[in-house]
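So the structure is just underneath, and the comments pick up after that.
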Amino acid sequence: MNLRQRPQPTRGGRGPLHAPLPPMQQAYNIIPIHDLLTDHPSLRYPEIRAAAAALRAVGDLRKPQFVLWNPSYDLMDWLGLSFGFQIDNVRNQREHLVLHLANSQMRLQPPPNLVDSLDAGVLRRFRGKLLQNYTSWVLLRGPEVERRHFETPP
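Quick note, the working numbering runs 12 ahead of the 1-based positions in the sequence shown.
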């Protein structure tokens with residue numbers, strides 16, 4: 013019987029010894045959004061580039077503890093590092109979100125003047141659809157203070 017303690021596994025399956033792969037070696041399902049300069053047919057659409065660029069705006073979010081923050085990280089990396097999501101799941105969700113936002117932007121009528129930036133209305137509608145069930149539950153159960161917090165401004 014070995015009484016030596018095993019090191020605790022890190023969430024996400026990769027420990028601190030594994031450095032992120034260079035952009036050209038990273039795997040992707042549909043769109044190589046980790047490298048917007050790659051010659052890929054899907055990256056020719058400005059809506060795809062706009063959605064991927066919108067995710068890169070992390071702003072002044074508090075950086076995850078115990079992790080060296082890389083300037084190439086985006087909002088999905090921030091969520092993955094903050095909550096311990098698996099790297100491949102974060103990668104899949106990033107592509108899914110980019111495709112959804114780009115598709116919503118492509119359906120706008122009339123098309124926005126600035127095609128290279130994501131329309132704010134697209135983000136508001138996405139947030140509304142994403143949080144609709146949770147918001148309706150809070151509105152049903154919560155006090156008036158919580159109602160004001162979750163209502164969408166006009």
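Where is the CB? At the ideal position from N, CA and C, for every residue including glycine.
- The Cβ neighbour count for Ile43, taken over all protein chains shown within 10 Å, is at least 16; the residue is labelled buried.
- By the 16-neighbour rule on beta-carbons within 10 angstroms, Ala63 is buried.
- Three or more Cβ pairs drawn from the stretch 84-97 and the stretch 64-71 lie within less than 8 Å of each other, which places the two stretches in contact.
- Asp100 counts as exposed, since fewer than 16 other C-beta atoms from the protein chains shown sit within 10 angstroms of its C-beta.
- Per DSSP, Arg68 lies in no alpha helix (DSSP H) segment and is marked neither H nor E.
- In the structure shown, Lys141 adopts helical secondary structure according to DSSP, grouped into three states.
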